[in-house]
Amino acid sequence: MKGGDTAMTMVEREQELALLEALLASAVMGRGRVALVGGAVATGKSTLLHTFAEQAIELGALAVTATGSSLERDVPLGVLRQLVEDAPLVPQERERALSLLEEGARAVAAGAGERRPVDAQLVHALCGVMLDLSERCPLVLVVDDVHHADRESLLCLAYLARRVRLAQIVAIFGHADQAWRTDSYFQTELLRQPHCRRVRLTRLSRTGVAAMLAERLGDEAAERLADEMYAHSGGNPLLVTALADDYEESARTAQEPPAGVVAGEQYGQAVLSCLNRGEARVARAARGLAVLGEPRSLDLLLGVPAADVNKDLHALGAAGLTALGTFRHEAARQAVLGAMDAGERTELHRRAAELSYGVGASPAVVARHLLEAGRVDAPWGIEILEEAARSALRAGQVDSAVGYLRLAWRACADDTQRAKIMTMLVRAEWRINPAAPAGRLAELAEAVHRGSLRGADAVVLARALLWHGRVDDARDVLEQVLESGGTTDQETRAELVVARLCLRVAHPPFLTALGRMTKEEEGPGGIVSVSVSRRLESALALAEVLTRGPREEYVDAVERILEDSRLDEMSLDTVENSLLTLTYAGRADRAAPLCDIFAAEASARQAPSRRARLAAIRAEIATRQGDMPAAERHARAALQIIPMSGWGVAVGGPLGSLILALTAMGRYDEVREHLDAPVPEVMFQSRYGLHYLHARGRHSLATGYPGLALTDFRRCGELMTEWDLDTPGLIPWRADAADACLRLGQVEEARELVRAHLDGCVPDDPRGRGVALRMLAATLDPVERPALLRQATGCLQAAGDRYELARALADLVETHDALGEYRRARTIATWAQAVAAECGAEPLSAALSPRQQSHSGPRAGSGGGPDHEAAAVRPGAEPLGALSDAERRVASLAAAGCTNREIAARLFVTVSTVEQHLTRTYRKLGIARRSDLPLVLEFGEEAGV
Numbered sequence: 018m019k020g021g022d023t024a025m026t027m028v029e030r031e032q033e034l035a036l037l038e039a040l041l042a043s044a045v046m047g048r049g050r051v052a053l054v055g056g057a058v059a060t061g062k063s064t065l066l067h068t069f070a071e072q073a074i075e076l077g078a079l080a081v082t083a084t085g086s087s088l089e090r091d092v093p094l095g096v097l098r099q100l101v102e103d104a105p106l107v108p109q110e111r112e113r114a115l116s117l118l119e120e121g122a123r124a125v126a127a128g129a130g131e132r133r134p135v136d137a138q139l140v141h142a143l144c145g146v147m148l149d150l151s152e153r154c155p156l157v158l159v160v161d162d163v164h165h166a167d168r169e170s171l172l173c174l175a176y177l178a179r180r181v182r183l184a185q186i187v188a189i190f191g192h193a194d195q196a197w198r199t200d201s202y203f204q205t206e207l208l209r210q211p212h213c214r215r216v217r218l219t220r221l222s223r224t225g226v227a228a229m230l231a232e233r234l235g236d237e238a239a240e241r242l243a244d245e246m247y248a249h250s251g252g253n254p255l256l257v258t259a260l261a262d263d264y265e266e267s268a269r270t271a272q273e274p275p276a277g278v279v280a281g282e283q284y285g286q287a288v289l290s291c292l293n294r295g296e297a298r299v300a301r302a303a304r305g306l307a308v309l310g311e312p313r314s315l316d317l318l319l320g321v322p323a324a325d326v327n328k329d330l331h332a333l334g335a336a337g338l339t340a341l342g343t344f345r346h347e348a349a350r351q352a353v354l355g356a357m358d359a360g361e362r363t364e365l366h367r368r369a370a371e372l373s374y375g376v377g378a379s380p381a382v383v384a385r386h387l388l389e390a391g392r393v394d395a396p397w398g399i400e401i402l403e404e405a406a407r408s409a410l411r412a413g414q415v416d417s418a419v420g421y422l423r424l425a426w427r428a429c430a431d432d433t434q435r436a437k438i439m440t441m442l443v444r445a446e447w448r449i450n451p452a453a454p455a456g457r458l459a460e461l462a463e464a465v466h467r468g469s470l471r472g473a474d475a476v477v478l479a480r481a482l483l484w485h486g487r488v489d490d491a492r493d494v495l496e497q498v499l500e501s502g503g504t505t506d507q508e509t510r511a512e513l514v515v516a517r518l519c520l521r522v523a524h525p526p527f528l529t530a531l532g533r534m535t536k537e538e539e540g541p542g543g544i545v546s547v548s549v550s551r552r553l554e555s556a557l558a559l560a561e562v563l564t565r566g567p568r569e570e571y572v573d574a575v576e577r578i579l580e581d582s583r584l585d586e587m588s589l590d591t592v593e594n595s596l597l598t599l600t601y602a603g604r605a606d607r608a609a610p611l612c613d614i615f616a617a618e619a620s621a622r623q624a625p626s627r628r629a630r631l632a633a634i635r636a637e638i639a640t641r642q643g644d645m646p647a648a649e650r651h652a653r654a655a656l657q658i659i660p661m662s663g664w665g666v667a668v669g670g671p672l673g674s675l676i677l678a679l680t681a682m683g684r685y686d687e688v689r690e691h692l693d694a695p696v697p698e699v700m701f702q703s704r705y706g707l708h709y710l711h712a713r714g715r716h717s718l719a720t721g722y723p724g725l726a727l728t729d730f731r732r733c734g735e736l737m738t739e740w741d742l743d744t745p746g747l748i749p750w751r752a753d754a755a756d757a758c759l760r761l762g763q764v765e766e767a768r769e770l771v772r773a774h775l776d777g778c779v780p781d782d783p784r785g786r787g788v789a790l791r792m793l794a795a796t797l798d799p800v801e802r803p804a805l806l807r808q809a810t811g812c813l814q815a816a817g818d819r820y821e822l823a824r825a826l827a828d829l830v831e832t833h834d835a836l837g838e839y840r841r842a843r844t845i846a847t848w849a850q851a852v853a854a855e856c857g858a859e860p861l862s863a864a865l866s867p868r869q870q871s872h873s874g875p876r877a878g879s880g881g882g883p884d885h886e887a888a889a890v891r892p893g894a895e896p897l898g899a900l901s902d903a904e905r906r907v908a909s910l911a912a913a914g915c916t917n918r919e920i921a922a923r924l925f926v927t928v929s930t931v932e933q934h935l936t937r938t939y940r941k942l943g944i945a946r947r948s949d950l951p952l953v954l955e956f957g958e959e960a961g962v
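As numbered in the numbering used here, the sequence shown has no gaps in its residue numbers, which increase by one up to the final residue, 962.
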């Protein structure tokens, strides 16, 4: 052992070392002594004995050492032979001693199956060798792990211990506590001697642990880690050293010190070393404890008396491995489990399952043992696994639920129950990755045809088949449900009603092919479940918004559902339908924070599929807020959590949002990569295909292919019209088609498309109106555009769509430039650039920069340009704050392009009153005409530059 390591592990052992030195000093004076050094496993006994033996020469003595071993317990006189071989004997003495040992070993072996006691004269002669040697030089006899010594050696050592009182010998014997289960006569015999002292080593204190760490890791780390190290090691020096090793290894690997204690491989090996050094019964108790996780019923599990188990548990606690009957760290438990024989581990878990079930433990506890055992023998096992799976799913422990259900499915022999279990398994695996259960769908579809699976479970299967694009199989399943009379069951009827509403807005062609339900089947029929009621309400709200446009009562209803519920209290389609209702109703600002809350909950509950689907919705919300970097981030997250192959037909949602965002940000090469990726053809028969077509058309428009864009927009519109989903809140296809027409020179057709779009907008849809007004302005002469564009910017500001606002502002800049109103163009360009930068819309920013710099018109002092002349301000002009509220209202409408008569009608005043307010406003602001009104009056504070 290295000197530094010895010093580190001798912390808090100074008193014990000083006592042994005092005993040696007494022996040197001719008063021999015996010491029995005990303590729990791995508390430093061996280190203390070896350190003392190394110091013996400095104290004027010779050290003779030996170590007992459980593997050599049956070797007669094995320990005594070690002492003889280590002693500095002259050749004649060594030969004589070895001869005596051989004689004694032969005598013991001659017992014909029964070990004979060693002859007393032989014992006397062997002990005499050491007594004679001590007359030439004081001796330090050290025997470590003496509890593992053979009986014959113990007999000789006890004989010697009684006779060292008047010799220059100090005999030190190290042993582990709780180790004298047999041959305890040796310990008893030694302690009867007046010259024998007992030395007990205890575990390190918190201060001792800190001292060890300071020498190894430095003072700062020692003080920071001491409490946690002490808690995980119990003051066991071996465990402390192992934790320090793991900490250093982690620091080397991570290039920086870990924030806390690291219980790694070295810690696990140290735990196993402690168990291997102790008694086999203690190690078996540790294995049983690792399986059960708690000491209750450990005696029944192991089949040993409770009193013996208590002793074993006490030994584990004394070694610092456990506290309050459980392992101090999960890594210790896992190390014990990992080192177990597979057969023993399986059997213990099987018995633990039976015991847990017998004492009424929770299904989760019983199921965990069944899962570890890998088989189900008892008739109650399958039911327990199903119940545990349901509890695990409610708690968000999806992986555990999947494990329970897979075992239950393998063990179940009843076809009907197997089908139900597999349906639960598909739902559970779906939360992790919708692609995972795809291979099981065919078997479930076959179970429907056999009649083993029916009712609500069959409806859920149909929706899963549709997700993966297996339309014909889904239709067969639902037809089977309807033909079998499954709608008489209340749960099935409720599931069908909800499914039909969801299919209405997600897979309209499928619903049409399925046919209408009867009058009796259409109603939920006594649905009383809160969960089902919420699902129905949210699905109905989404259907209404997409077919008839936003209605405030539905928006309020879904917002109330979302605010009053948690993710685990409702199915995900309720959350999706509610969030999409808010989004398509133009309430993206209200949908975004609620979506973030549910996404955080899904992440905390370790539900990857839910996280991905919520990320896809969040991406769509972000596109409608004009936050393109956020839309890209969320869409990429959705496609990373669930790969494209796992999204099925729904891939059009996140992929469409990603393409829209990247197109707006000008990253066209990246878009092409995504457009080259294959998508399911059946996707274009779902709502998700509409999003993909719209996004692809936007990309074609941005890259100079208006003809291709128009084809996609018209196809999108045809499908929306055919499916009765033709609302601007879903996709403003007419406005985008009008944009394509304008680029193709088809102005009249563009104007018709825009007017049709406006006719479809409800009054409470500022985003739809703003987008349409911008395009309508583009169909007019420049002189007619400003008023419409100002209305468009107002609508888009109210809607919160920054990207569409930036586009409208850019059009307004171009219009004022064309009209020679350079001051307005320059001012609006600054605002437009700021908004475009927020959206990450690089193409817009790039287009605005040269316009702001090169087409800003004559500068102040140049003396040229009509706009410059109109902008002249007389000395003594007052700030905007000098305007009264009435003057400001009139001035704002005038700046927006309204005539005096229009202003009078809107404010319910006379034309004369309007003229008076404007006259006072011009005087206060020091301007001469309407066009000189400050832009802040027209656009609000954001335009105040």
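We put the beta carbon where it would ideally sit given N, CA and C, even for glycine.
Outcome for residue i when other beta-carbon atoms lying within 10 angstroms are tallied against a minimum of 16
| i | result |
| --- | --- |
| R940 | exposed |
| V575 | buried |
| S222 | exposed |
| L805 | buried |
| L341 | exposed |
| C154 | exposed |
| I748 | buried |
| D753 | buried |
| V393 | buried |
DSSP state of residue i mapped onto helix, strand, coil
| i | result |
| --- | --- |
| F925 | coil |
| T509 | helix |
| D965 | It is not possible to answer for residue 965, since the shown part of the chain is limited to 18 through 962. |
| R622 | coil |
| R48 | coil |
| C213 | strand |
| A83 | strand |
| V788 | helix |
Separation of residue j from residue i, as counted between CA atoms
| i | j | result |
| --- | --- | --- |
| G409 | V383 | Residue identity differs from the one stated: residue 409 is Ala in this sequence, not Gly. Taking the straight line from one Cα to the other gives about 13 Å. |
| F730 | M737 | 11 Å |
| E570 | T598 | 11 Å |
| H192 | E71 | 19 Å |
| V668 | A864 | 33 Å |
| E500 | S373 | 45 Å |
| D743 | L589 | 26 Å |
| E698 | L482 | 15 Å |
| A633 | H651 | 6 Å |
| A335 | G47 | 37 Å |
| L442 | L422 | 6 Å |
| R622 | R294 | 42 Å |
Whole-Å CB distance - residue i paired with residue j, under 8 Å assumed
| i | j | result |
| --- | --- | --- |
| R50 | L65 | That belief does not hold up - the Cβ atoms of R50 and L65 are roughly 16 Å apart, past 8 Å. |
| L11 | L208 | Because the chain is modelled from 18 through 962, residue 11 falls outside the range shown and cannot be assessed. |
| P380 | A405 | 4 Å |
| I944 | L950 | 7 Å |
| V6 | E169 | Since the first and last residues shown for the chain are 18 and 962, residue 6 lies out of range. |
Same chain, Cβ closer than 6 Å to residue i, neighbours up to 5 away in sequence not counted
| i | result |
| --- | --- |
| A755 | A767, L770, V771 and M792 |
| L143 | L117 and C173 |
| V146 | A114 |
Residue i Cβ short of 6 Å to the ligand FMN heavy atom set
| i | result |
| --- | --- |
| L208 | Here there are no bound small molecules, and the ligand FMN is not part of this structure. |
Cβ-based neighbour list, residue i, same chain, cut-off 7 Å, excluding 5 preceding and 5 following
| i | result |
| --- | --- |
| A369 | V308, L309, L318 and H386 |
| R802 | A794 and T832 |
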